[in-house]
Each structure stands twice: as C-alpha cells, then as structure tokens.
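Below: one structure, written as structure tokens.
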Amino acid sequence: MAVRILYFAWVRERIGKTEEVVEPPAGVTTIADLVDWLKARGEEYAYAFENEIVIRAAMDQIHVQRDAVITGAREIAFFPPMTGG
Amino acid sequence: MAVRILYFAWVRERIGKTEEVVEPPAGVTTIADLVDWLKARGEEYAYAFENEIVIRAAMDQIHVQRDAVITGAREIAFFPPMTGG
Amino acid sequence: MDEPRTDDPASVERASIVPVVRIQAETFDAAAEAAALVRGRTDVGAVVTFTGLCRDEDGRLAALELEHYPGMAQAEIARVAGEAARRFPLQGLVAVHRYGVIRPGEEIVLVVAASPHRRAAFEAADFMMDWLKTRAPFWKREHPLGEPDAGGWVAAKAEDDRAADRWVR
Amino acid sequence: MDEPRTDDPASVERASIVPVVRIQAETFDAAAEAAALVRGRTDVGAVVTFTGLCRDEDGRLAALELEHYPGMAQAEIARVAGEAARRFPLQGLVAVHRYGVIRPGEEIVLVVAASPHRRAAFEAADFMMDWLKTRAPFWKREHPLGEPDAGGWVAAKAEDDRAADRWVR
Numbered sequence: 003m004a005v006r007i008l009y010f011a012w013v014r015e016r017i018g019k020t021e022e023v024v025e026p027p028a029g030v031t032t033i034a035d036l037v038d039w040l041k042a043r044g045e046e047y048a049y050a051f052e053n054e055i056v057i058r059a060a061m062d063q064i065h066v067q068r069d070a071v072i073t074g075a076r077e078i079a080f081f082p083p084m085t086g087g
Numbered sequence: 003m004a005v006r007i008l009y010f011a012w013v014r015e016r017i018g019k020t021e022e023v024v025e026p027p028a029g030v031t032t033i034a035d036l037v038d039w040l041k042a043r044g045e046e047y048a049y050a051f052e053n054e055i056v057i058r059a060a061m062d063q064i065h066v067q068r069d070a071v072i073t074g075a076r077e078i079a080f081f082p083p084m085t086g087g
Numbered sequence: 031m032d033e034p035r036t037d038d039p040a041s042v043e044r045a046s047i048v049p050v051v052r053i054q055a056e057t058f059d060a061a062a063e064a065a066a067l068v069r070g071r072t073d074v075g076a077v078v079t080f081t082g083l084c085r086d087e088d089g090r091l092a093a094l095e096l097e098h099y100p101g102m103a104q105a106e107i108a109r110v111a112g113e114a115a116r117r118f119p120l121q122g123l124v125a126v127h128r129y130g131v132i133r134p135g136e137e138i139v140l141v142v143a144a145s146p147h148r149r150a151a152f153e154a155a156d157f158m159m160d161w162l163k164t165r166a167p168f169w170k171r172e173h174p175l176g177e178p179d180a181g182g183w184v185a186a187k188a189e190d191d192r193a194a195d196r197w198v199r
Numbered sequence: 031m032d033e034p035r036t037d038d039p040a041s042v043e044r045a046s047i048v049p050v051v052r053i054q055a056e057t058f059d060a061a062a063e064a065a066a067l068v069r070g071r072t073d074v075g076a077v078v079t080f081t082g083l084c085r086d087e088d089g090r091l092a093a094l095e096l097e098h099y100p101g102m103a104q105a106e107i108a109r110v111a112g113e114a115a116r117r118f119p120l121q122g123l124v125a126v127h128r129y130g131v132i133r134p135g136e137e138i139v140l141v142v143a144a145s146p147h148r149r150a151a152f153e154a155a156d157f158m159m160d161w162l163k164t165r166a167p168f169w170k171r172e173h174p175l176g177e178p179d180a181g182g183w184v185a186a187k188a189e190d191d192r193a194a195d196r197w198v199r
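Chains as they are written, first to last, in the working numbering: chain A, 3 to 87; chain B, 3 to 87; chain C, 31 to 199; chain D, 31 to 199.
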C-alpha cells in the first residue's frame with residue numbers, strides 16, 4: 003500500500019526531503035510501526051526520529067497518537083511539537 | 003464644618019438634587035452618621051436611603067466604607083452600585 | 031493598593047508605564063488606540079483589545095444613557111489601570127469609557143493591553159473590565175423603544191461582583 | 031470533538047455561526063476583521079481581539095520564518111474554531127494565521143471573538159490562542175540579526191501545553 007509521507011521543520015531538514023511516497027510492508031500497521039520501519043531505512047531517518055517521543059504525527063491532516071492504525075491513510079505527516087500562534 | 007454632597011443615579015432622583023452643601027453637627031463623624039443625619043432631614047432623604055446597605059459612598063472621589071471618618075472631607079458622594087463597563 | 035518596591039527591578043519596570051485613561055462622550059477608535067501602543071516598537075508580543083457595546087436587548091432598547099461622576103470616574107479608572115500595570119508585565123494600557131446617550135451597536139468602553147506575553151495581555155484586559163464594572167462610577171439607564179421616558183436604572187449584577195472577586199489577593 | 035446535539039436549542043444556536051479561518055502570507059487588518067463581526071447588528075455586547083506580534087527578542091532577532099502544513103493548518107484551526115463556537119455563546123469568530131518571513135513589530139496571528147457577554151468573548155479568544163499554540167501545524171525558525179542563516183527552530187514551551195490543558199474537560 004503506497005502512502006505519501008510529509009516532513010516538516012527539523013524533521014524535514016534531518017531527513018532531507020519534504021515528502022515522499024513509500025510502500026511499507028504488510029506488517030506495518032500503526033504510526034509506531036511506520037516510524038520503526040522508516041528508522042531502518044537510513045541514518046538520516048534514524049537521526050530525525052532519534053528522540054521519537056517528541057515527534058508528532060498527523061494522518062490525513064488530523065493529529066493522531068502513535069498507536070493509530072494507518073491502513074487506508076493517504077497522507078501521513080511527521081513534525082516536531084508545533085510553535086505557531 | 004461645611005461639606006459638599008453629591009448624589010447620582012436614582013439616589014439623585016429620589017433626593018431631587020444633584021448636589022448641596024451641608025453643615026452636619028459635630029457628632030456626625032462617619033459616613034454612617036452622615037447617612038443617619040441626612041435621613042432625618044426629610045422624607046426624600048429617608049426614601050433615598052431606605053435600603054441603606056446598597057448605597058455606596060465616596061469621599062474626595064475615593065470609595066469608602068460606612069465607618070470612614072468624614073472629618074476634613076471636601077466632597078462626599080452617595081450612589082447606587084455602579085453599572086459601567 | 032500597595033506601592034511598588036523600588037528595589038525590585040521587575041516592579042520598577044511594571045510601574046513605569048503610564049496608562050492612558052479617558053472619559054468622553056464621543057465615540058473612540060479602537061484600532062487607532064491599539065496601533066498607538068505598538069507603533070515604533072518591536073518588543074510587544076501580544077495586544078488584547080476589549081470593546082464593550084450597547085446591545086438592543088432583543089429589540090427592546092432604544093438607547094442606554096450613562097450617568098457618571100466626572101472627576102472620580104477619571105481618578106478611579108486611573109487607579110484600576112495603575113493596579114493592572116503593577117500586577118501584570120505590561121508595555122501599554124488604554125482605557126476609554128463613554129458617557130451620555132449610547133445607541134445599540136455603539137461602543138461604550140474600550141480596554142487595550144500590550145505585553146510581551148499573551149497571558150499577561152489577556153489577564154490585564156480581563157482584570158480591567160471586571161474592576162471597571164464594579165468600581166468605576168457610571169450608572170446605566172435604559173430607554174425602551176417607543177417609551178423613551180419609561181426606562182429604569184440597570185441593576186448591578188452579582189456575577190460582576192463575583193468576577194471582580196476573582197482578582198482579590 | 032463531539033458533534034452538537036441537534037435537539038438542544040442552545041447547542042444548535044452555538045453551532046450556527048461559521049467561523050472565519052484564513053491562513054495567509056499577507057498581513058491582516060485586525061480592525062476591519064473586528065468591524066465585520068459587528069457591522070449591521072445590534073445584539074453584540076463584547077468583542078475581544080487578540081493580536082500576536084513578532085518580537086525582536088532584545089534586538090537579537092532579524093525575523094521569524096514560519097513554516098506550515100498548508101491543508102492541515104486550515105483544517106486544524108477550523109476544528110479548533112468550531113470547538114470554540116460550541117463551547118462559548120459566540121456571535122462571530124475570526125482566526126487568521128500568517129506564514130513566511132515575519133519581521134519584529136509585524137503581526138503573526140489574529141483572533142477576534144464576538145458575544146453578547148464579555149466573559150464568553152474573553153474565554154473564546156483565550157481558548158483559541160491556547161489551542162492554536164499547541165495544535166496548529168506551524169513551526170517558527172529564528173533568523174538572528176547579523177547571521178541570518180545561523181538561527182534554529184523555536185522549541186515548544188511546556189507552559190503552552192499547560193495553558194492548553196486548562197481547557198480539557
């Protein structure tokens with residue numbers, strides 16, 4: 003299943019891209035699984051997610067927790083805590 | 003001792019004047035004394051102060067309580083609870 | 031109201047702003063008052079503007095008439111503004127209160143607070159309004175539509191006293 | 031966020047306003063946004079306007095650069111505004127958030143809330159800002175004066191999370 007992944011702020015800088023389309027294997031069912039899978043793809047991902055607990059995720063533009071099931075998602079985003087306002 | 007007394011809102015309407023200069027006798031030393039003395043001056047005063055507890059007072063343009071000593075005051079005002087803002 | 035301690039730098043800084051207080055019959059320009067607090071400076075982080083307007087009370091009201099105690103209104107609002115400037119780290123504070131006949135849709139009162147921090151700006155404006163409501167010598171009389179002389183004085187609300195009590199310390 | 035119950039008149043009324051939400055690079059006109067909420071109506075009692083500005087951080091900062099997640103920024107602020115409209119008896123609500131390079135003294139964010147009652151207007155604006163700070167997908171990077179490429183990303187503040195937690199119920 004192909005899914006579009008977006009990165010923002012220093013997560014984007016560490017990974018070195020703003021977005022990509024990936025096809026995680028069948029066993030990757032949650033946001034936490036996806037992060038584990040991404041971290042194994044290269045040291046830029048490992049660096050971006052080194053302190054996993056601070057990274058936030060959104061699925062189809064809605065904030066989600068790490069245990070959210072990603073099946074059917076079209077767009078998943080990873081980013082640091084927000085500093086707007 | 004002459005002192006200027008001001009009345010506002012429905013206190014003013016009940017007494018029928020916006021201000022007056024009075025000379026209370028020596029025994030009148032507090033706001034409460036002054037109210038008692040005014041109430042004895044006529045039924046319009048008795049009417050204005052009939053529910054004394056709701057009437058507020060200011061001495062030289064500063065909110066004061068009923069036990070405030072009026073000696074030396076130049077201007078004393080009586081009015082209902084405020085409804086500005 | 032306590033005097034600021036002059037040996038406390040934060041307190042000295044807080045006391046150093048001079049609140050703008052005006053009592054007037056004319057309408058006011060909220061945007062111009064807010065702009066004046068910020069103009070030419072780059073250290074303000076938050077501006078909170080409160081505008082209180084005359085409501086028509088479901089079409090019942092033709093106008094409000096605000097009576098006031100001129101000298102004391104100015105003095106008392108200045109005291110409340112000075113207390114706000116001591117309690118909160120403000121960079122600017124404006125309070126304007128109108129008197130006279132005010133029609134539905136027109137503005138009655140304005141408070142603008144500027145601060146480096148949003149919490150202080152919100153709390154200062156909130157504090158000012160609660161204290162204005164319960165301490166500023168103004169009295170509202172209603173002029174009902176169709177019977178302009180039949181209206182009575184607006185009664186003070188217990189909820190306004192409770193709101194002001196939140197700030198007692 | 032719960033859907034309003036359509037059999038509850040108060041809830042229906044509260045849900046009936048349509049908040050204005052805009053994400054834009056351009057500056058905004060706070061006064062015009064506030065005026066638009068009140069224009070032609072005589073039932074508004076209170077308007078609270080919050081403007082957040084870029085500070086120069088004691089002269090250290092040349093500019094802030096705000097990155098955002100376009101589609102989600104609009105959607106998330108609209109969700110927060112919808113929640114505010116359900117929680118508070120509002121007659122109008124505007125939220126505008128800028129992105130891009132913003133210099134000290136310039137405005138970043140605007141919230142305007144109109145209500146019959148001052149408490150609701152204050153709380154709605156306060157709620158909007160707390161939730162915007164912690165939920166709207168924007169990230170600030172600092173450009174220090176003299177070394178425009180040396181700045182880092184602004185860290186999120188624990189106090190902002192605590193402020194947002196005040197509204198959890």
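Idealized CB from N, CA, C, for every residue including glycine.
Does DSSP classify residue i as helix, strand or coil?
i: D/A180; result: coil
i: A/E45; result: helix
i: D/E63; result: helix
i: A/V5; result: strand
i: D/A150; result: helix
i: D/R71; result: coil
i: B/T73; result: coil
i: C/R35; result: In this predicted model, C/R35 has a pLDDT of only 40, less than 50, meaning its place in the structure is not dependable enough to derive any value.
i: D/A185; result: coil
i: C/R192; result: helix
i: A/E54; result: helix
i: D/L123; result: strand
i: B/A79; result: strand
i: D/W169; result: strand
i: C/V48; result: coil
i: C/A55; result: coil
i: C/L175; result: coil
i: A/T85; result: coil
i: C/V42; result: Caution is warranted here: a pLDDT of 44 is assigned to C/V42, below 50, making its placement in the model unreliable, and the coordinate value is therefore given only provisionally. C/V42 falls in the helix class under three-state DSSP.
i: C/P164; result: Going by the sequence as given, residue 164 of chain C is Thr instead of Pro. In this structure, C/T164 counts as helix in the three-state DSSP scheme.
i: B/A28; result: coil
Judging by CA-CA distance, which residue of the options is the nearest neighbour of residue i?
i: C/P119; options: C/A180, C/A194, C/V51 and C/G75; result: C/G75
i: A/N53; options: A/R6, A/P82, A/R14 and A/L36; result: A/P82
i: D/G130; options: D/V48, D/A194, D/R71 and D/Q54; result: D/Q54
i: A/P27; options: A/F80, A/K19 and A/T73; result: A/T73
i: D/L175; options: D/R85, D/Q121 and D/D59; result: D/R85
i: A/Q67; options: A/A34, A/G18, A/L8 and A/G29; result: A/A34
i: D/V126; options: D/A188, D/R196, D/K187 and D/T79; result: D/T79
i: C/A143; options: C/A111, C/A93, C/I132 and C/E137; result: C/A111
i: C/H98; options: C/L162, C/F58, C/V77 and C/F152; result: C/L162
i: B/T32; options: B/E22, B/E46 and B/I78; result: B/I78
i: D/D191; options: D/A65, D/D160, D/W169 and D/P134; result: D/D160
i: C/V50; options: C/L140, C/T81 and C/T164; result: C/L140
i: D/G122; options: D/F152, D/E136, D/L96 and D/T57; result: D/F152
i: B/A50; options: B/T20, B/G29, B/E25 and B/D62; result: B/T20
i: C/V124; options: C/G135, C/E172, C/A65 and C/D88; result: C/A65
Give the range of the beta strand (DSSP E) segment to which residue i is assigned.
i: A/M61; result: R58 to M61
i: C/A144; result: E137 to S145
i: D/V78; result: A76 to L83
i: D/G130; result: G130 to I132
i: B/V23; result: E21 to V24
i: A/V66; result: I64 to V66
So which residues on chain E does residue i lean against when the C-beta distance must stay under 8 angstroms?
i: D/P167; result: Although the question refers to chain E, the structure presented lacks it and instead comprises the protein chains A, B, C and D.
Following the continuous alpha helix (DSSP H) through residue i, name the residue where it begins and the one where it ends.
i: D/G112; result: P100 to R117
i: A/A15; result: Reading the sequence as shown, one finds Glu at residue 15 of chain A and not Ala. Start and end: A11 to I17.
Could you tell me how far apart the beta carbons of residue i and residue j are, in whole angstroms, since I believe they sit closer than 8 angstroms?
i: A/R16; j: A/E46; result: 6 angstroms
i: D/V77; j: D/L67; result: 6 angstroms
Item to check | Positions along the region 42–75 of chain A whose CB lies within less than 7 angstroms of some CB in chain D | outcome: A60, Q63 and H65
Next on the checklist: At a CB distance below 8 angstroms, what residues from the region 72–93 of chain D approach chain A? Give them in sequence order.
Outcome noted: G82
Item to check | Near-chain C residues of the region 121–148 of chain D - C-beta to any C-beta below 7 angstroms | outcome: P134, G135, P146 and R148
Checklist entry - Along the region 101–116 of chain C, what residues have a CB closer than 7 angstroms to any CB found in chain B? => result G101, M102 and A105
Next on the checklist: Which residues of the region 178–190 of chain C have a Cβ closer than 9 angstroms to any Cβ of chain B? Give them in chain order.
Outcome noted: Per Cβ criterion, the list reads G182, W183, V184, A185, A186, K187 and D190.
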